[in-house]
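I have placed the structure first, in the form of structure tokens, so that the comments after it can refer back to it.
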Amino acid sequence: MDLTSIKAALDNESLTNTTVSVAGWVRTFRNDRFIALNDGSTIRNLQCVIDQEQVDASTRGRFTTSAAVKCTGELVASQGSGQRVEMKVTTVEVLGDSDATTYPIQPKKHSLEFLRENAHLRFRTNTYSAVFRMRHQVSFGIHEYFDLNGYNYFHAPIITASDAEGAGELFRVTTLPLEKPPRVKRSLPINYPLFNEILERYCDTVIDYVKAHETIQPQLGKYIDKHYGVPPDMPQIPGDTGLMVEYQYRHFRDLLSKKPDDLEGSIADWRIGEYIERFTANIDINLDEHMEDFNEEAKFFLSLFQRLQQGEMGASLRDFKQGTDHICKQIGYTLSKSQGDDSMRKHPARGAPIYALSFFNLFDIVQHQVDYSGDFFGRESRLTVSGQLQAELAALALGKVYTFGPTFRAENSNTTRHLAEFWMIEPECAFMDLKGDMDLAEGLCKHLIARVLKNSMDDLQFLDARLTEEESQKPQVQRSEMGLIDRLKFVLENPFERITYTEAIEILLRSKPYQKKQFQFPVEWGIDLQSEHERYLVEKHFKKPVIVTGYPATIKAFYMRTNAPGDLGYSEKGKTVAAMDVLFPGIGEIIGGSQREERLDVLEARMKEMGLDTDELWWYLDTRKFGTVPHAGFGLGLERFVLFVTGMSNIRDVIPFPRTPGSAEF
RNA sequence: UCCCUGGUAGCUCAGCUGGUUAGAGCACAUGACUGUUAAUCAUGGGGUCGCUGGUUCAAGUCCAGCCCGGGGAGCCA
Numbered sequence: 172m173d174l175t176s177i178k179a180a181l182d183n184e185s186l187t188n189t190t191v192s193v194a195g196w197v198r199t200f201r202n203d204r205f206i207a208l209n210d211g212s213t214i215r216n217l218q219c220v221i222d223q224e225q226v227d228a229s230t231r232g233r234f235t236t237s238a239a240v241k242c243t244g245e246l247v248a249s250q251g252s253g254q255r256v257e258m259k260v261t262t263v264e265v266l267g268d269s270d271a272t273t274y275p276i277q278p279k280k281h282s283l284e285f286l287r288e289n290a291h292l293r294f295r296t297n298t299y300s301a302v303f304r305m306r307h308q309v310s311f312g313i314h315e316y317f318d319l320n321g322y323n324y325f326h327a328p329i330i331t332a333s334d335a336e337g338a339g340e341l342f343r344v345t346t347l348p349l350e351k352p353p354r355v356k357r358s359l360p361i362n363y364p365l366f367n368e369i370l371e372r373y374c375d376t377v378i379d380y381v382k383a384h385e386t387i388q389p390q391l392g393k394y395i396d397k398h399y400g401v402p403p404d405m406p407q408i409p410g411d412t413g414l415m416v417e418y419q420y421r422h423f424r425d426l427l428s429k430k431p432d433d434l435e436g437s438i439a440d441w442r443i444g445e446y447i448e449r450f451t452a453n454i455d456i457n458l459d460e461h462m463e464d465f466n467e468e469a470k471f472f473l474s475l476f477q478r479l480q481q482g483e484m485g486a487s488l489r490d491f492k493q494g495t496d497h498i499c500k501q502i503g504y505t506l507s508k509s510q511g512d513d514s515m516r517k518h519p520a521r522g523a524p525i526y527a528l529s530f531f532n533l534f535d536i537v538q539h540q541v542d543y544s545g546d547f548f549g550r551e552s553r554l555t556v557s558g559q560l561q562a563e564l565a566a567l568a569l570g571k572v573y574t575f576g577p578t579f580r581a582e583n584s585n586t587t588r589h590l591a592e593f594w595m596i597e598p599e600c601a602f603m604d605l606k607g608d609m610d611l612a613e614g615l616c617k618h619l620i621a622r623v624l625k626n627s628m629d630d631l632q633f634l635d636a637r638l639t640e641e642e643s644q645k646p647q648v649q650r651s652e653m654g655l656i657d658r659l660k661f662v663l664e665n666p667f668e669r670i671t672y673t674e675a676i677e678i679l680l681r682s683k684p685y686q687k688k689q690f691q692f693p694v695e696w697g698i699d700l701q702s703e704h705e706r707y708l709v710e711k712h713f714k715k716p717v718i719v720t721g722y723p724a725t726i727k728a729f730y731m732r733t734n735a736p737g738d739l740g741y742s743e744k745g746k747t748v749a750a751m752d753v754l755f756p757g758i759g760e761i762i763g764g765s766q767r768e769e770r771l772d773v774l775e776a777r778m779k780e781m782g783l784d785t786d787e788l789w790w791y792l793d794t795r796k797f798g799t800v801p802h803a804g805f806g807l808g809l810e811r812f813v814l815f816v817t818g819m820s821n822i823r824d825v826i827p828f829p830r831t832p833g834s835a836e837f
């Protein structure tokens with residue numbers, strides 16, 4: 172088919188008064204005469220005018236929304252006012268029908284939520300076609316920028332075996348059978364006294380918990396089968412640990428066979444839990460009376476899990492560490508919520524039995540450790556969360572490299588700016604310090620903005636209008652002062668604000684919301700900046716992108732360079748590292764980077780301090796042994812940047828098929 | 001994972017403190033129309049009120065659990 176794109180048909184004046192063919196999808200068919208045709212080459216439609224005498228009624232009836240149509244005819248100056256040229260159609264052919272009664276996208280405004288559920292068809296809407304054309308412009312612009320600056324495109328592996336990168340939860344990659352994975356044979360070094368302590372103190376409580384639960388929750392049986400039921404092929408575990416699993420299992424089984432009448436009395440031993448409120452209706456229990464008891468128990472368990480985290484367990488398993496870490500967070504959260512803090516609703520306290528169950532769960536992880544030696548790679552492997560460490564290796568030879576590829580995080584995060592699968596750009600440059608890193612980051616952002624302003628003006632104008640309309644629905648206070656295009660121009664033309672973490676804290680301490688106690692989280696040197704703090708700095712105080720450097724070492728990753736007096740971001744208030752975060756209005760952290768620690772002794776000391784295994788990253792440390800040099804880099808989330816340039820607000824709307832917890836349709 | 005909020009026609013939403021046959025706009029179907037711009041006008045069809053259980057003479061409406069969506073928080077890019 173010799174086709175002309177609609178973009179060319181509309182823009183290329185030399186085509187006017189010539190005969191061409193176009194093909195696309197019908198947007199609307201008006202007055203039995205006008206087809207608004209779109210082929211995706213531009214957001215604008217070509218108006219194709221049908222001569223009713225030449226096209227019979229049955230064919231005209233097939234020009235339904237989203238039908239694929241090919242039109243041939245002369246491009247002529249339009250009689251109507253909405254467009255410069257239109258096509259006087261001589262022949263028209265329906266390439267693919269679209270049944271209007273079942274086609275979900277209607278010629279009207281749809282909610283983004285609805286279109287997200289129809290992600291396979293949403294590209295046919297103005298908004299999404301504009302977004303994805305711009306996504307292309309941004310992607311291509313990234314390669315363009317780095318190429319112009321002498322960077323080599325570097326492909327970091329997607330499958331990694333290293334588990335010390337420290338950036339979030341990872342997806343496993345395995346060919347082992349999930350139903351029955353091989354288990355490690357040798358028994359692990361386990362701190363039995365600690366287990367016994369818990370067993371003696373809490374097993375009865377757990378059992379009571381299960382009993383009481385059973386009376387009101389018939390599904391509990393299923394739950395126990397799923398989480399605590401011992402599979403028939405359970406290996407024999409030697410010694411007292413085997414007995415313990417057996418003991419736990421039998422008790423749960425016993426309880427399930429008992430009738431509710433037998434449970435009388437045990438309920439009196441109950442501690443406060445999230446289910447207690449349900450019981451207060453039937454049984455005379457006052458929540459407040461037990462709050463003190465509960466807090467004591469939660470504190471006990473917190474200390475217990477903290478001990479386990481510090482290795483008293485004797486086992487150094489990643490899953491185990493994550494498990495205890497998670498529970499520590501939960502208990503800490505519950506404690507802080509249940510005590511004071513009037514601004515928040517009281518969190519329904521979880522009872523100690525819940526934590527005891529959690530403990531048993533952790534125990535289960537240790538007992539059933541999987542043997543990965545027979546797995547595909549002969550070791551535990553996962554999907555990458557960052558190509559940075561590998562990029563560093565390349566940068567320390569090629570000088571300048573950047574990665575641009577998919578990244579995976581198994582975090583259960585459900586927000587408008589997180590995805591489980593996203594695209595990240597990670598440049599890494601030898602002989603570059605933090606200042607150079609900031610210049611590179613700012614230069615990249617500006618290059619990309621300049622590019623979309625140059626190449627995507629049609630789409631930007633549409634998205635600008637869309638955003639303005641959306642904003643007009645919001646209350647006045649929440650509206651942004653600038654339209655999309657103005658905002659992009661503003662960011663392009665003004666330097667980013669550069670401040671240190673210490674300065675940021677000082678600004679926050681002097682700020683109105685802090686003094687009026689409007690911040691939910693405390694502000695003091697050493698804390699991590701919360702969303703509300705970042706938003707204040709970017710959206711209220713500076714009103715432009717801000718780069719914050721020199722964060723406290725305690726809240727940043729091991730590979731970041733420790734600051735000494737005289738370094739940018741050094742503070743007398745505590746140890747800081749050469750980190751930098753670029754914060755954008757409406758999005759928050761769009762770039763996170765740092766100058767890397769190039770001094771072997773400092774790096775090793777810091778890894779040990781953070782409990783990381785230096786043996787596992789031997790290859791990384793080797794670069795510090797052989798010709799180490801200062802270097803720096805950062806990570807840019809592609810989707811977050813696309814969010815910014817398109818003015819969209821949910822990250823799920825700027826990636827074709829979003830992968831998020833509980834959702835991988837299409 | 002936590003907090004808040006929602007789930008009623010294909011879509012967007014109304015349905016007050018439980019009470020007759022559950023509504024509107026758009027979409028869709030049929031008809032009209034030689035210039036429309038999300039065309040317009042007339043007529044018509046369309047609903048297990050997210051699921052399960054409970055309270056009640058009576059549940060879209062009240063209660064509990066579960067599922068799904070949206071916003072915010074944490075984790076981060």
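In this text, residue positions in the first sequence follow my numbering: the first is 172, and each later residue adds one. Each residue gets a CB set at the ideal place from its N, CA and C atoms; glycine is no exception.
- Between Val260 and Cys219, the beta carbon gap of about 5 angstroms places them in contact (Cβ cut-off 8 angstroms).
- For Leu286, the uninterrupted alpha helix (DSSP H) run begins and ends at Leu283 to Glu288, by DSSP.
- Listed as beta-bridge partners of Phe205 by DSSP are Arg201 and Val220.
- Between Ile313 and Leu619, the C-beta spacing is below 8 angstroms.
- Non-local beta-carbon contacts of Ala271 in its own chain, meaning distances under 8 angstroms to residues more than five positions away in sequence, involve Thr235 and Thr236 in chain order.
- Runs of the alpha helix (DSSP H) lying entirely within the segment 653 to 725 and spanning at least 4 residues, in chain order: 655 to 664, 672 to 681, 683 to 686 and 702 to 706.
- Using a Cβ-Cβ distance cut-off of 8 angstroms, the segment 789 to 805 and the segment 554 to 564 are in contact, since at least three pairs of beta carbons, one from each stretch, lie closer than that value.
- With respect to Pro278, Asn289 sits apart: the two C-beta atoms are not nearer than 8 angstroms.
- When DSSP reads this structure, Pro577 sits in a beta bridge with Trp594.
- At the C-beta level, Leu217 and Lys241 stay beyond 8 angstroms of one another.
- Cβ atoms of Trp196 and Ala228 stay farther apart than 8 angstroms, at about 22 angstroms.
- Counting of Cβ neighbours within 10 angstroms places Glu705 among the buried residues, the total reaching 16 or more.
- For Thr243, the enclosing beta strand (DSSP E) stretches over residues Ala239 to Ala248.
- A check of alpha carbon separations from Ser310 across Thr189, Ile214, Arg622 and Asn320 identifies Arg622 as the nearest.
- When DSSP states are grouped into helix, strand and coil, Ala735 belongs to the coil group.
- Of the other Cβ atoms in all chains shown, 16 or more fall within 10 Å of the Cβ of Met609; this residue is therefore buried.
- When secondary structure is reduced to three states using DSSP, His589 falls in the coil class, being assigned neither helix nor strand.
- In the DSSP assignment, Phe805 falls within the unbroken beta strand (DSSP E) covering His802 to Gly808.
- Cβ atoms of Thr243 and Thr262 come within 8 angstroms of each other, at about 5 angstroms.
- DSSP, reduced to helix, strand and coil, places Lys259 within a strand of the structure shown.
- Nearest to Phe837 by C-alpha distance, out of Met603, Ala636, Arg293 and Gly740, is Arg293.
- The beta-carbon distance between Pro827 and Phe303, rounded to whole angstroms, is 7 angstroms. This is short enough to meet the 8 angstroms contact definition.
- Here the alpha carbon of Pro598 sits roughly 11 angstroms from the alpha carbon of Ile762.
- Just measuring C-alpha positions, the residue of Phe661, Gln689, Glu668 and Ile698 sitting nearest Ile676 is Ile698.
- Taking C-beta atoms as the reference points, Ala301 and Leu634 count as a pair closer than 8 angstroms.
- Under DSSP, Gln766 forms a beta bridge with Ala803.
- Put simply, of Ile656, Leu624, Lys625 and Ser627 the residue whose alpha carbon is nearest the alpha carbon of Ala636 is Ile656.
- For the pair of segments examined, the segment 566 to 575 was found not to touch the segment 338 to 354: the number of CB pairs separated by less than 8 angstroms stays below three.
- Between Val662 and Lys715, the alpha-carbon positions lie close to 7 angstroms from each other.
- For Asp824, there is no enclosing beta strand (DSSP E), as DSSP marks it with neither H nor E.
- A direct Cα-to-Cα measurement between Phe200 and Arg295 gives close to 16 angstroms.
- Residue pairing by DSSP puts Asp752 in a beta bridge opposite Val719 and Gly763.
- From the listed residues Glu674, Lys796, Met595 and Leu283, the smallest Cα separation to Val773 is found for Lys796.
- Sequence-distant Cβ neighbours of Glu695 in its own chain, meaning closer than 6 angstroms and more than five residues away, do not exist here.
- Apart from the 5 residues on each side of it in sequence, Asn734 sits with its Cβ closer than 7 angstroms to the Cβ of Gly721, Gly740, Tyr741, Thr747, Val748 and Ala749 in its chain, given in chain order.
- Collapsing the DSSP output to three states places Leu554 in a strand.
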